[in-house]
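Quick notes on the structure that follows.
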Amino acid sequence: MAVIVGHILLISAQVNTQRGVPMLQEVTFGTFAEVQRAATSTFATVHDNWTNYVALQDVRVENAKLKDEIAALQIGLQQERALAQQSRTLQGLLDLKSAVQLKTTAASVIAGGASPEFRTMTIDKGTGDGLSPDMPVLAPAGVVGRIVMPASRAAKVQLLIDRDAAAGAIIERSRAQGVVVGTGTDRFRLDHVPGAADIQVGDRVVTSGIEGIYPKGFLIGQIESLDRKSGEFSDVVVRPAVQFSELETVLVVLTPPANEAP
Amino acid sequence: MKAALVLTAVALALALQTTLAQLLVGGSAAIDLVLVAVVAVALATGPVSGMLAGSVAGLIQDSLSTGVLGIGGLAKSVIGFLAGAIGQQFILTSALPRFLMFVGATVAHAALFMGLNVLLGLRTFPSPWKAVASQAVGNAVVGVVAFAIIEALPGVIERRRAGRRPRG
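Quick mapping for you: the protein sequence lines, in order, are chains A and B.
Taking our numbering, the leading residue of the first sequence gets 1, the next gets one more, and so forth.
Taking our numbering, the leading residue of the second sequence gets 263, the next gets one more, and so forth.
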C-alpha cells in the first residue's frame with residue numbers, strides 16, 4: 001500500500017494538470033487550503049463566540065457602569081437646568097428691583113394656602129425683615145397681592161385672586177379706571193368701569209394706586225373677555241399676568257405708597 | 263392611640279394641602295385635603311372623633327387663612343360629626359357609597375361655610391356652583407383613592423413580612 005502511494009506521489013510530482021501546475025503541488029495545495037479554511041473557520045467561530053459571549057461578561061459590567069454615569073450626568077443636567085431657571089427667576093427679580101424705585105426685599109414662597117376658600121401663601125420674610133401689613137407683593141410678571149399677617153420670620157400674603165382682595169386698576173391704553181376684584185378662581189373681575197370707557201379684549205390692566213396699597217403702574221393682567229349690556233360693562237374678565245400656582249420668589253415693597261417719591 | 267391617629271391625619275392633610283394641592287389643580291380649582299381627612303377619620307372612627315378632628319383641623323385652617331377664626335372649625339366639626347354618624351348607620355365599604363359620602367360632605371361643608379360667611383356679612387359667593395361641584399368631585403376621587411390605599415396598606419406590609427420570613 002505504501003509502495004503504491006509512493007508511486008502515485010512520484011508520478012504526480014512529475015505530471016502537470018491541464019492548468020500547467022504539477023499535480024502533486026495542486027493536490028497538496030488544495031488539501032492544505034481546505035485545512036486552512038477549516039482552521040480559519042474554527043478560529044473565526046471561536047473568536048466570534050469569545051467576542052460576542054464570553055468577553056461580554058466585562059461589557060455587562062461596563063454597561064452598568066456607563067448607565068450609572070449616564071444617570072449621574074442626567075441628574076447633573078437637571079441640576080444645571082434648575083440652577084439656570086433659578087438664575088433666570090432671580091435675574092427677573094433683580095431687574096424688577098432695579099426698575100422699582102421703592103425699597104424692596106426678596107422673599108421665597110414656603111407654603112400655599114391651607115384652605116381652598118382663601119387664596120393665600122406664606123413667604124419666608126416677616127416683621128424681623130421689616131415687613132408689615134398691607135405691604136404690596138410683586139413678581140417680575142406683575143402684582144401678586146399684599147401682606148396680611150406678618151410673623152417674626154414669615155408672613156401670610158393674600159393673593160389678588162382671593163375673593164376678599166381688590167385693587168384700583170387702570171386700562172393702560174385708554175386710561176379708563178376700574179377696580180380689579182379677586183374671584184377665588186384663576187381670573188379677576190374688573191368692576192366699576194364707566195359705561196363710556198374704552199375697553200377692548202387684550203388691553204393691559206395696571207394698578208392705579210388709588211386704594212393706597214399697590215404702587216401705581218404695575219401690571220395686573222389683560223382683558224380676556226367683556227360683556228356690554230345696554231351701554232354698561234357687566235362682566236369684564238381679566239387674565240392675571242402672574243401664574244399664582246408657579247410662584248417661587250417674590251418682591252415685597254417695604255416703602256408704603258404714601259411715601260413714594262413724587 | 264385614636265387621638266394620635268386623628269392628629270397625624272390632620273397634620274398630614276394640612277402639610278399636603280399647603281404644598282401639593284395648588285400644584286395638583288394649577289391653582290384654579292381646589293381640593294380640600296383637610297376636609298377629606300376629616301371625613302375619612304369620621305368614617306373610620308365615629309362621630310365624636312370626626313367632630314374633634316373637624317374642630318382641630320378647621321381651627322388650624324382658619325388660623326392659617328385670612329377669614330374669621332372659627333367658621334371653618336364649626337363647619338368642619340358639623341361635617342365630621344355627620345359623616346361619623348352616617349358611617350355608623352350605613353355600610354360604606356365600597357367605592358361608590360364612599361364617593362357619594364365625600365361629594366355630600368363637600369357640598370354640605372360648602373353650604374355651611376358659605377352660609378355662615380353670608381349670614382355674618384363677611385363674604386359673598388356669587389355663583390359658586392361650578393367651584394363647589396369641581397371640589398366635590400376632586401375631594402371624592404382623592405378620598406376614595408386614599409381610603410383604598412390605607413385599607414390595602416396593612417395587607418401589603420403583612421405579605422412583605424411573610425415573604426421575608428425564613429421557611430422551614
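From the three backbone atoms N, C-alpha and C, an ideal C-beta is built for every residue, glycine too.
Relative to serine 208 of chain A, the option among A:Phe218, A:Leu56, A:Ile199 whose CA is nearest is A:Phe218.
Per DSSP, reduced to three states, the secondary structure at aspartate 58 of chain A is helical.
Per DSSP, the unbroken alpha helix (DSSP H) holding leucine 362 of chain B starts and ends at 357-381. A straight line joining the alpha-carbon of proline 140 of chain A with that of proline 215 of chain A spans about 14 Å. Shown here for glycine 231 of chain A: same chain residues with a beta carbon closer than 6 Å to its own, the five before and five after excluded, namely Gly195 in chain order. The DSSP-derived three-state label of lysine 67 of chain A is helix. By the criterion of at least three beta-carbon pairs nearer than 8 Å, the stretch 293-306 of chain B is not in contact with the stretch 324-331 of chain B. In the structure shown, threonine 328 of chain B adopts coil according to DSSP, grouped into three states. Per DSSP, isoleucine 210 of chain A lies in no beta strand (DSSP E) segment and is marked neither H nor E.
Against chain A, the beta carbon of isoleucine 341 of chain B has no neighbour under 7 Å; the closest one sits roughly 14 Å away.
Interface flag for glutamine 222 of chain A against chain B is unset, since no Cβ pair is found closer than 8 Å. Close to chain A, meaning a Cβ-Cβ distance shorter than 7 Å, are the following residues of the stretch 329-355 of chain B: Gly329, Gly334. Nearest CB-CB separation between phenylalanine 364 of chain B and chain A: not below the 8 Å threshold. Using a CB distance cut-off of 8 Å, valine 144 of chain A does not count as an interface residue toward chain B.
Against chain B, the CB of valine 237 of chain A has no partner CB under 8 Å away; the residue lies outside that interface. Straight-line measurement puts the Cα of glutamate 69 of chain A at about 56 Å from the Cα of glycine 168 of chain A. Linking threonine 127 of chain A to valine 157 of chain A through their CA atoms gives a straight-line distance of about 13 Å. Contact check between the stretch 95-110 of chain A and the stretch 241-251 of chain A: three or more CB pairs, one atom from each, fall below 8 Å, which counts as touching.
For phenylalanine 233 of chain A and aspartate 186 of chain A, the gap between their C-alpha atoms comes out near 21 Å. Counting every other CB atom within 10 Å of its CB across the protein chains shown gives histidine 371 of chain B a total of 16 or more, marking it as buried. Residue-level contact by beta carbon holds for proline 116 of chain A and chain B, with a gap shorter than 8 Å. For alanine 292 of chain B, the C-beta contacts it makes with chain A under 7 Å involve Pro116, in order along the chain. As a beta-bridge residue in DSSP terms, glycine 182 of chain A pairs with A:Phe188.
At a Cβ-Cβ threshold of 8 Å, isoleucine 170 of chain A and phenylalanine 244 of chain A do not count as neighbours. Using a Cβ-Cβ distance cut-off of 8 Å, the stretch 221-228 of chain A and the stretch 56-71 of chain A are not in contact, since fewer than three pairs of beta carbons, one from each stretch, lie closer than that value. Buried is the label assigned to phenylalanine 364 of chain B, since at least 16 other Cβ atoms lie within 10 Å of its Cβ. Across the structure, aspartate 198 of chain A and alanine 176 of chain A are spaced so that their CA atoms are roughly 7 Å apart.
As a beta-bridge residue in DSSP terms, glutamine 222 of chain A pairs with A:Arg204, A:Arg239. Neighbours of threonine 127 of chain A in chain B, taken as residues at a C-beta separation under 8 Å, are lacking, since the least C-beta distance is about 17 Å. Residues of chain A whose Cβ lies closer than 8 Å to the Cβ of alanine 393 of chain B are, in chain order, Gly184, Thr185. Residue pairing from DSSP leaves glutamine 85 of chain A without any beta-bridge partner.
When DSSP states are grouped into helix, strand and coil, alanine 304 of chain B belongs to the helix group. Within the DSSP bridge table, the entry for asparagine 401 of chain B names no partner. According to the DSSP secondary-structure assignment, isoleucine 171 of chain A is paired through a beta bridge with A:Val205.
Counting C-beta pairs closer than 8 Å gives fewer than three between the stretch 346-354 of chain B and the stretch 75-93 of chain A, which falls short of the contact rule. If you compare the alpha carbons of B:Leu314, B:Val399, B:Leu354 with that of glycine 335 of chain B, the shortest gap goes to B:Leu314.
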